[in-house]
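Numbering (the numbering used here), first residue to last: 7 to 160.
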Ligand code: HEC
């Protein structure tokens, strides 16, 4: 075999070996009483926007596309999911103490307004996850209203 052939064969073998190491799926079932919508009275339209645009990285269940099971794509997605969840988890939101709830709500509104969330690398593929200006306003208005009422009742 020529050198180029050997290098190519090597690359193919490494790629195939990578497929043997699969991260486990983010699928922890029903969140129950710690869910975001248990903490607040979330209108259906707001709940649907958050679910469609944020839950793949900020909840205990991700809807995976087929290519998530091809490495190194899956590892890369897995790192977004574990970092995203550790910062903000809608399925555990109601278990957060009040101070943390408030600070997470504030940073949600900020990140939506600054258009840094959902991550751009995600909306390139999941186009429908990108929030329109109307959706941004709808969600941030609701978040700000919720922050006000939490602060009043503190
Ligand atoms: C593709 C994965 C992904 C999606 C989708 C996504 N996020 Fe994130 N998010 C992350 C990651 C990773 C981090 C942690 C790194 C960072 O802060 O940028 C994060 C961090 C955050 C933080 C910071 C938490 C803090 O304590 O300051 C907020 C708030 C947030 N995201 C809100 C949202 C909202 C709201 C949406 C939906 C509109 C969303 N994200 C969609 C991956 C995602």
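The beta-carbon is built from N, C-alpha and C at its ideal position, and this holds for glycine as well.
Quiz prompt | Length of the line joining the Cα atoms of residue 75 and residue 22 | solution = 12 Å
Quiz item: If we count the other Cβ atoms within 10 Å of its Cβ and call it buried at 16 or more, is residue 33 buried or exposed?
Solution: exposed
Practice problem: May I ask whether a heavy atom of the ligand HEC can be found less than 7 Å away from the beta carbon of residue 138? | Solution: no
Quiz prompt | Closest Cα partner of residue 138 within the set 31, 59 and 45 | solution = 59
Quiz prompt | Contact under 8 Å by Cβ, residue 160 with residue 104 | solution = yes
Self-check item: C-beta neighbour in chain D for residue 151, strict 8 Å
Solution: Note that chain D does not occur in the displayed structure, where there is just one protein chain.
Quiz item: Can you tell me the Cα-Cα spacing of residue 156 and residue 122, whole angstroms?
Solution: 25 Å
Exercise. Hey, could you find the ends of the alpha helix (DSSP H) residue 140 is sitting in?
Key: 139 to 158
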